[in-house]
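Taken in sequence, the protein lines are chains A and B.
Start counting at 1 in the first sequence, then tack on 12, and there's your number in the numbering used here.
Start counting at 1 in the second sequence, then tack on 35, and there's your number in the numbering used here.
From the three backbone atoms N, C-alpha and C, an ideal C-beta is built for every residue, glycine too.
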Amino acid sequence: KQEVTQIPAALSVPEGENLVLNCSFTDSAIYNLQWFRQDPGKGLTSLLLIQSSQREQTSGRLNASLDKSSGRSTLYIAASQPGDSATYLCAVSPNSNYQLIWGAGTKLIIKP
Amino acid sequence: GAGVSQTPSNKVTEKGKYVELRCDPISGHTALYWYRQSLGQGPEFLIYFQGTGAADDSGLPNDRFFAVRPEGSVSTLKIQRTERGDSAVYLCASSRTGGLVNEQFFGPGTRLTVL
Chain A
13 KQEVTQIPAA
23 LSVPEGENLV
33 LNCSFTDSAI
43 YNLQWFRQDP
53 GKGLTSLLLI
63 QSSQREQTSG
73 RLNASLDKSS
83 GRSTLYIAAS
93 QPGDSATYLC
103 AVSPNSNYQL
113 IWGAGTKLII
123 KP
Chain B
36 GAGVSQTPSN
46 KVTEKGKYVE
56 LRCDPISGHT
66 ALYWYRQSLG
76 QGPEFLIYFQ
86 GTGAADDSGL
96 PNDRFFAVRP
106 EGSVSTLKIQ
116 RTERGDSAVY
126 LCASSRTGGL
136 VNEQFFGPGT
146 RLTVL
């Protein structure tokens with residue numbers, strides 16, 4: 013059974029720092045991995061989608077990497093801003109299935 | 036264009052009552068998903084529609100939960116005899132065709148509180 017873990021559960025850093033969020037999964041046979049952002053009281057916003065054949069995706073200050081063999085993905089945020097404060101979740105599409113299996117998220121606070 | 040919308044945004048009900056939660060997907064998206072998210076946890080899959088039919092309802096926790104999508108667009112999640120443990124945020128998502136590489140777009144969710 014696929015399990016997704018995100019560490020740390022919460023992170024607080026000063027504005028301007030670069031930071032890395034971690035996601036690990038137990039079954040390396042995935043089709044894709046997505047990183048989402050969730051703001052309080054709002055829905056989930058997809059940030060980056062990495063297909064299983066890819067090793068990384070970039071969007072602006074965000075870079076997500078994928079290492080299927082080790083069951084790990086990282087989300088790198090450069091030059092963090094207070095507006096980046098949110099909960100970040102990763103989710104995988106497991107082999108032969110379309111539904112998303114989710115981590116519990118990392119709550120990120122960027123201090124001005 | 037318009038994103039996924041869900042109504043109501045908040046629903047407070049008493050234990051034992053019946054509730055309906057509505058989801059309007061992005062126009063033209065054939066796949067629709069329902070998830071449930073408890074506080075401090077990631078979403079949990081409930082059911083997936085491809086068109087009008089439920090392609091996978093294996094995530095529904097018990098027979099008190101039911102969902103329909105009669106015209107392949109709007110979907111309604113129905114919960115009978117609500118229990119306090121049903122309290123959660125119910126999220127709806129849609130994607131263009133479903134399947135393994137399609138990106139899912141989420142609505143803001145309905146926060147259900149069962150007293």
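Alpha-carbon to alpha-carbon, residue j and residue i
| i | j | result |
| --- | --- | --- |
| Gln72 (chain B) | Pro78 (chain B) | 4 Å |
| Gln115 (chain B) | Gln41 (chain B) | 19 Å |
| Leu74 (chain B) | Val124 (chain B) | 8 Å |
| Tyr100 (chain A) | Ala90 (chain A) | 15 Å |
| Gly83 (chain A) | Gly51 (chain B) | 43 Å |
| Leu56 (chain A) | Glu49 (chain B) | 28 Å |
| Leu150 (chain B) | Phe37 (chain A) | 36 Å |
| Gln63 (chain A) | Arg146 (chain B) | 32 Å |
| Ser77 (chain A) | Cys127 (chain B) | 27 Å |
| Ser129 (chain B) | Ser85 (chain A) | 24 Å |
| Lys13 (chain A) | Leu59 (chain A) | 26 Å |
| Val47 (chain B) | Val54 (chain B) | 9 Å |
| Asp39 (chain A) | Tyr70 (chain B) | 22 Å |
Same chain, Cβ closer than 6 Å to residue i, neighbours up to 5 away in sequence not counted
| i | result |
| --- | --- |
| Tyr83 (chain B) | Tyr68, Ala90, Asp91 |
| Ala103 (chain A) | Gln46, Leu112, Trp114 |
| Pro26 (chain A) | Lys123 |
| Tyr43 (chain A) | Ser64, Ser105 |
Option in the options with minimal Cα separation from residue i
| i | options | result |
| --- | --- | --- |
| Phe141 (chain B) | A:Ile89, A:Ala41, A:Pro20, A:Lys54 | A:Lys54 |
| Leu120 (chain A) | A:Ser40, A:Ile62, A:Pro94 | A:Pro94 |
| Ala66 (chain B) | B:Glu138, B:Glu55, B:Thr132 | B:Thr132 |
Assigned secondary structure, residue i (DSSP; H/G/I helix, E/B strand, else coil)
| i | result |
| --- | --- |
| Pro43 (chain B) | coil |
| Pro94 (chain A) | helix |
| Tyr88 (chain A) | strand |
| Pro124 (chain A) | coil |
| Ser82 (chain A) | coil |
| Lys119 (chain A) | strand |
| Gln18 (chain A) | strand |
| Pro143 (chain B) | coil |
| Ala37 (chain B) | coil |
| Glu55 (chain B) | strand |
| Leu150 (chain B) | coil |
| Thr132 (chain B) | coil |
| Leu112 (chain A) | coil |
Cutoff 8 Å; reference residue i; Cβ partners in own chain excluding five residues on either side
| i | result |
| --- | --- |
| Val109 (chain B) | Arg57, Cys58, Asp59, Pro60 |
| Glu106 (chain B) | Thr87 |
| Gly38 (chain B) | Ile61, Phe140, Gly142 |
| Leu31 (chain A) | Leu23, Val25, Tyr88, Ile89, Ser92, Leu120 |
| Ser97 (chain A) | Leu120, Ile121, Ile122 |
Contact set for residue i: own chain, Cβ-Cβ below 7 Å, skip 5 residues either direction
| i | result |
| --- | --- |
| Leu95 (chain B) | Leu81, Ile82 |
| Ile19 (chain A) | Asn34 |
| Asp98 (chain B) | none |
| Glu118 (chain B) | Lys50, Val149 |
Item to check | beta strand (DSSP E) runs contained entirely in the segment 29 to 72 of chain A, provided each spans 3 or more residues | outcome: 31 to 37, 42 to 50, 56 to 63, 68 to 71
Checklist entry - Which runs of the alpha helix (DSSP H) spanning at least 4 residues fall entirely within the segment 58 to 127 of chain B, listed in chain order? => result none
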